[in-house]
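Colleague: Heads up: the sequence shown is residues 3 to 68, going by the working numbering.
Attaching a single structure in structure tokens format; questions to follow.
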Amino acid sequence: MKTMLVLTTALAVSSCGYNRIQTLDEQVNAFRSQIQVQLQRRADLVPNLVETVKGYAQHEETIFTS
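Next up, the structure:
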């Protein structure tokens with residue numbers, strides 16, 4: 003009877019630990035996803051800024067040469 007109680011307690015504790023590990027794993031995946039979103043946003047932003055600067059540079063060139 004005592005052995006059964008010890009085994010049941012050990013199983014309950016280990017399943018709680020497993021659930022905690024799964025919860026933490028899901029949080030890590032969510033944080034990783036947010037990092038990927040921000041990196042993609044940054045990667046998309048740089049070409050847009052380059053095109054904007056090119057447009058203004060062309061505009062300034064026409065102003066200074068006129």
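Just so it is clear, CB atoms sit at the ideal spot from N, CA and C, and this is done for glycine as well.
When DSSP labels each residue in this structure, what does methionine 3 get in the three-state scheme?
Modeller: Coil.
Colleague: Which of helix, strand or coil does DSSP assign to serine 16?
Modeller: Reduced to three states, the DSSP call for serine 16 is helix.
Colleague: Pick helix, strand or coil for serine 35, following the three-state DSSP scheme.
Modeller: In this structure, serine 35 counts as helix in the three-state DSSP scheme.
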